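Since the structure comes first, as structure tokens, the remarks are kept for the end.
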Amino acid sequence: MIPINSLATLAKNAETNNKAFFKNIKPKQSHKTDELFHKINDEVFSKINCLECANCCKT
Numbered sequence: 002m003i004p005i006n007s008l009a010t011l012a013k014n015a016e017t018n019n020k021a022f023f024k025n026i027k028p029k030q031s032h033k034t035d036e037l038f039h040k041i042n043d044e045v046f047s048k049i050n051c052l053e054c055a056n057c058c059k060t
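Heads up: the sequence shown begins at 2 in my numbering, then just goes up one per residue.
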């Protein structure tokens, strides 16, 4: 698992890639975007226990 206290740094380091990713998926069909989101969610949740922090819901 990735330590919660390192998430802000990891997010900042990935900011450019994340913006490019969202720019790329924006014009895609919504059902494909939804499928992609669920796949990525499963991958991330296997590395980070989002329920431990839930800070993304607050910011």
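Ideal Cβ positions, reconstructed from N, Cα and C, are used throughout, including at glycine. If you're wondering where the values come from, they're calculated on a predicted model, not measured in any experiment.
For residue i, which residues from the same chain have a beta carbon less than 8 Å from its beta carbon, with the 5 sequence-adjacent residues on both sides left out?
i: Asn18; result: none
Please report the Cβ distance between residue i and residue j, rounded to the nearest whole angstrom; I am assuming they are in contact, meaning their Cβ atoms lie under 8 Å.
i: Glu53; j: Ile5; result: 6 Å
i: Ile49; j: Ile3; result: 5 Å
i: Ile26; j: Leu11; result: Not really, about 20 Å apart at Cβ, beyond 8 Å.
In the DSSP assignment, find the alpha helix (DSSP H) that holds residue i and state where it starts and stops.
i: Ile26; result: 16–26
i: Ile41; result: 31–46
Return the chain-ordered list of same chain residues with a C-beta closer than 6 Å to the C-beta of residue i, the five sequence neighbours on each side being excluded.
i: Ala9; result: none
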